[in-house]
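Numbering (the numbering used here), first residue to last: 1 to 220. Encoded as structure tokens, the structure appears first; notes follow it.
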């Protein structure tokens, strides 16, 4: 059954950022990406980003279409990392772009006013520029060093709070977020946590996601 494409209000986006699952095929093992995302959704993931830097355009589009159907059924937003063409082709809710990807303003122009556009930022200046260019939320981090994105730096709590104070759009913390580090988010003034390996590297993805959801409910 095809699900109608929703329009996400700013309030709904902020709420959905609570437990933001970012895919990483390196952790799949014998499991399929769709299987892993489906179990993460069952465990309480509230937002899904497809991130696959190694897929061909056709592979990425196939993955996106499959995950979009799962997210529609679960009623959570689904965005594609960096690839606006893919997002448009499958009808995803939007994209997430980094500082070295397509400019936020360009992504917004291509996707239209109702799409979700997230931007990775690490400074107040980047955060303000992203908000001015039409970003709906910011991915800010890292919280701790991580093997997933070794090029990403680690921000201090003061840096997180300064970014949060500089913008009106919501913030999701990313980079080294796990069950062990998630309690640190209480002092960062963020709206949620973006998680990669703590979900997708788990042997029991549903149980791991459920535990992360429990912790973040107690933390934020």
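We put the beta carbon where it would ideally sit given N, CA and C, even for glycine. Nothing here was measured: the structure is a model prediction, and the numbers come from that model.
Give the secondary structure of residue i by DSSP, where H, G and I count as helix, E and B as strand, and everything else as coil.
i           : result
residue 9   : coil
residue 126 : helix
residue 171 : strand
residue 1   : Caution is warranted here: a pLDDT of 43 is assigned to residue 1, below 50, making its placement in the model unreliable, and the coordinate value is therefore given only provisionally. Coil.
residue 209 : helix
residue 156 : coil
residue 120 : strand
residue 201 : coil
residue 43  : helix
residue 220 : coil
residue 166 : helix
residue 37  : helix
Determine the contact status of residue i and residue j, defining contact as a CB-CB distance below 8 Å.
i           : j           : result
residue 46  : residue 76  : yes
residue 61  : residue 23  : no
residue 143 : residue 195 : no
residue 199 : residue 21  : yes
residue 174 : residue 163 : no
residue 211 : residue 42  : no
residue 179 : residue 133 : no
residue 71  : residue 48  : yes
residue 90  : residue 55  : no
residue 33  : residue 63  : yes
residue 98  : residue 120 : yes
residue 141 : residue 19  : no
residue 157 : residue 125 : no
residue 44  : residue 181 : no
residue 138 : residue 185 : no
Exposed or buried, residue i, counting other C-beta atoms within 10 Å across all chains shown (16 or more means buried)?
i           : result
residue 31  : exposed
residue 118 : buried
residue 136 : buried
residue 214 : exposed
residue 1   : Here the model assigns residue 1 a pLDDT of 43, short of 50, so the residue's position is not dependable, and the following value carries that caveat. Residue 1 comes out exposed.
residue 155 : buried
residue 115 : buried
residue 167 : buried
residue 29  : exposed
residue 93  : buried
residue 82  : buried
residue 35  : exposed
residue 12  : exposed
Would you mind reading off the limits of the beta strand (DSSP E) that contains residue i?
i           : result
residue 50  : 47-50
residue 224 : As shown, the chain starts at 1 and ends at 220. That puts residue 224 outside it, with no answer to give.
residue 67  : Note, residue 67: premise wrong, no beta strand (DSSP E); alpha helix (DSSP H) at 57-74.
residue 188 : Note, residue 188: premise wrong, no beta strand (DSSP E); not H, not E.
residue 141 : 137-141
residue 79  : 78-81
residue 133 : Unbroken run through residue 133: none, as it is neither H nor E.
residue 21  : 19-22
residue 95  : 94-97
Which residue comes first and which comes last in the alpha helix (DSSP H) that contains residue i?
i          : result
residue 88 : 84-90
Using beta carbons (cut-off 8 Å, strictly below), is residue i in contact with chain D?
i           : result
residue 197 : Of the protein chains in the structure, only one exists, and it is not chain D.
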